[in-house]
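Enquirer: Numbering (our numbering), first residue to last: 137 to 438.
Every residue, glycine too, gets a C-beta built ideally from N, C-alpha and C.
On a predicted model such as this, the values are computed, not experimentally measured, just so you know.
1) Which of helix, strand or coil does DSSP assign to residue 275?
2) Between which two residues does the alpha helix (DSSP H) holding residue 196 run?
3) Based on Cα-Cα distance, which residue from 218, 221, 261, 244 lies nearest to residue 235?
4) Report the rounded CA-to-CA distance for residue 272 versus residue 410, giving the unit in angstroms.
5) Does the distance from the CB of residue 337 to the CB of residue 343 come in under 8 Å?
6) Residue 367: which of 397, 320, 402 sits nearest, CA to CA?
7) Just the Cα atoms here: how many angstroms apart are residue 325 and residue 390?
8) Which residue's Cα is closest to the Cα of residue 396: 378, 354, 377, 314?
9) Within this structure, are the beta carbons of residue 423 and residue 388 separated by less than 8 Å?
10) Tell me whether residue 257 sits in a helix, a strand or coil according to DSSP, three-state version.
11) Among the residues of its own chain, which have a CB less than 8 Å from the CB of residue 407, if the five just before and after it don't count?
12) What is the DSSP secondary structure of residue 178, counted as helix, strand or coil?
13) Assuming residue 303 and residue 263 are in contact, meaning their beta carbons sit under 8 Å apart, how far apart are those beta carbons, in whole angstroms?
14) Based on DSSP bridge pairs, tell me the residues matched to residue 419.
15) Within its chain, find whatever has a CB closer than 7 Å to the CB of residue 141; leave out the 5 residues flanking it on each side and keep chain order.
16) Please return the same chain residues whose Cβ sits closer than 6 Å to the Cβ of residue 393, not counting the five positions on each side in sequence.
17) With the cut-off set at 8 Å, would you say residue 306 and residue 203 are in Cβ contact?
18) Am I right that residue 172 and residue 297 are in contact with their C-beta atoms under 8 Å? What's the rounded C-beta distance?
19) Go through its chain and collect everything with a Cβ distance to residue 174's Cβ below 7 Å, but skip five positions before and after it.
20) CB-CB under 6 Å to residue 374, same chain, minus the five flanking residues each way: which ones, in chain order?
21) Buried or exposed: where does residue 358 fall if 16 or more other Cβ atoms within 10 Å of its Cβ makes it buried?
22) Please report the residue range of the alpha helix (DSSP H) in which residue 167 lies.
23) Enumerated in chain order, which unbroken segments of the beta strand (DSSP E) with a length of 3 residues or greater are wholly contained in the region 203-236?
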């Protein structure tokens, strides 16, 4: 899991994904010749910080977003959330501006957010949760498992993938925005009709740790049931542990697929975590294993 530890240490608050994108590109370049199929790589300014990998003749695309929630500095020590981070007084935040590294505490005062750094921080500076990775025999706990585990899963899928798109997207945690041009590029170059979302969901009364990856029948949005039933049938055939998720809220890159002008079916498949959007996100290692295994199986058989 060395690569996962490196992923967890990269900063990429939504809108500021350049660092994690470069890390992924470097990792892909180092590993691609050892993969079963060496992919075509699409990246650079034409794609902002997104990365697309094309293996063989794709039928299915796997999407994993590389951004995280966090904070942005305003004026007079004020902070504005990026996405939906948990906000508890005293949380340790890190970042960097033109004057150097920053380590400070989050201050919550009358529903407003501030930092306690000893000097003014340049407005527009991104701050993120300080990282503290903890792994035992059953769980991994850290900041930003959402969606570092999705990135890790996608890289594992790449190792033996013969046919498929693997796409690392941006902006997901703060309203989206990269998916429309990514989908347009895919459909103009090698179109697909189905997609999987490698992302992290939450533990609920119906989705619990150690029982396998969650296959989402719906969140706030409802994908086409014909495709969901096909995914569930393949998951059952694989004998890989999984759970079915039904929620009334939440969303992912699947939302933008559904809102696109293209007839692409989609399904969210991801491990569930406790302590969502906090510095202490917690995921079962067994569920992470099943997340990787089932994405590998689905990308081969869909």
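Expert: Judging by the given coordinates:
1) In the chain shown, counting from the first residue as 1, residue 275 sits at position 139. The answer is strand: DSSP assigns residue 275 an E or B state.
2) For this step, residue 196 is matched to residue 60 along the chain shown. Residue 196 -> not in any alpha helix (DSSP H); beta strand (DSSP E) instead, spanning 196-201.
3) As a working mapping, residue 235 is identified with position 99 in the chain shown. For residue 235, the nearest C-alpha among the options comes from 261.
4) As a working mapping, residue 272 is identified with position 136 in the chain shown. As a working mapping, residue 410 is identified with position 274 in the chain shown. Approximately 16 Å, taken between the alpha carbons.
5) Counted from its first residue, the chain shown places residue 337 at position 201. Counted from its first residue, the chain shown places residue 343 at position 207. The criterion of a C-beta distance shorter than 8 Å is satisfied by residue 337 and residue 343.
6) Position 231 of the chain shown, counted from the first residue, corresponds to residue 367. Out of 397, 320, 402, 402 has the C-alpha closest to the C-alpha of residue 367.
7) If you number the chain shown from 1, residue 325 lands on position 189. If you number the chain shown from 1, residue 390 lands on position 254. When only Cα atoms are considered, residue 325 and residue 390 end up about 20 Å apart.
8) In the chain shown, residue 396 corresponds to position 260, counting from 1. Residue nearest to residue 396 within the set 378, 354, 377, 314 is 314 (criterion: CA-CA distance).
9) If you number the chain shown from 1, residue 423 lands on position 287. If you number the chain shown from 1, residue 388 lands on position 252. Cβ atoms of residue 423 and residue 388: not closer than 8 Å.
10) By one-based count along the chain shown, residue 257 stands at place 121. Looking at residue 257 - three-state DSSP - the assignment turns out to be coil, as it is neither helix nor strand.
11) One-based indexing of the chain shown puts residue 407 at position 271. For residue 407, where only same-chain residues beyond five positions count, the Cβ hits under 8 Å are 285, 336, 337, 349, 350, 419, 420, 423, 424, 426, 427.
12) Here residue 178 refers to the residue found at position 42 when the chain shown is read from its first residue. Looking at residue 178 - three-state DSSP - the assignment turns out to be strand.
13) If you number the chain shown from 1, residue 303 lands on position 167. If you number the chain shown from 1, residue 263 lands on position 127. No, residue 303 and residue 263 are not in contact; Cβ-Cβ is about 28 Å, not under 8 Å.
14) The count along the chain shown starts at 1 and reaches residue 419 at position 283. The partner list for residue 419 (beta bridge, DSSP) reads 276, 409.
15) Taking the chain shown and counting its residues from 1, the one referred to as residue 141 is at position 5. Take residue 141, set aside five residues on each side of it, and the residues of its chain with a beta-carbon closer than 7 Å to its own are 269, in chain order.
16) Locating residue 393 in the chain shown gives position 257, counting from the first residue. Result list for residue 393: 331, 400, 402, in chain order.
17) Counted from its first residue, the chain shown places residue 306 at position 170. Counted from its first residue, the chain shown places residue 203 at position 67. Yes, the Cβ-Cβ distance between residue 306 and residue 203 is below 8 Å.
18) For this step, residue 172 is matched to residue 36 along the chain shown. For this step, residue 297 is matched to residue 161 along the chain shown. Yes, they are in contact, since the Cβ atoms of residue 172 and residue 297 sit about 7 Å apart, within 8 Å.
19) As a working note, residue 174 is residue 38 in the chain shown. Here the set comprises 168.
20) If you number the chain shown from 1, residue 374 lands on position 238. The beta carbon of residue 374 sits closer than 6 Å to those of 433, all from its chain and outside the five residues before and after it, given in chain order.
21) Mapped onto the chain shown, residue 358 falls at position 222. Under this definition residue 358 is an exposed residue.
22) In the chain shown, counting from the first residue as 1, residue 167 sits at position 31. Going by DSSP, residue 167 is part of the alpha helix (DSSP H) stretching over 154-167.
23) Within the region 203-236, the complete beta strand (DSSP E) runs of at least 3 residues are 206-209, 214-218, 228-233.
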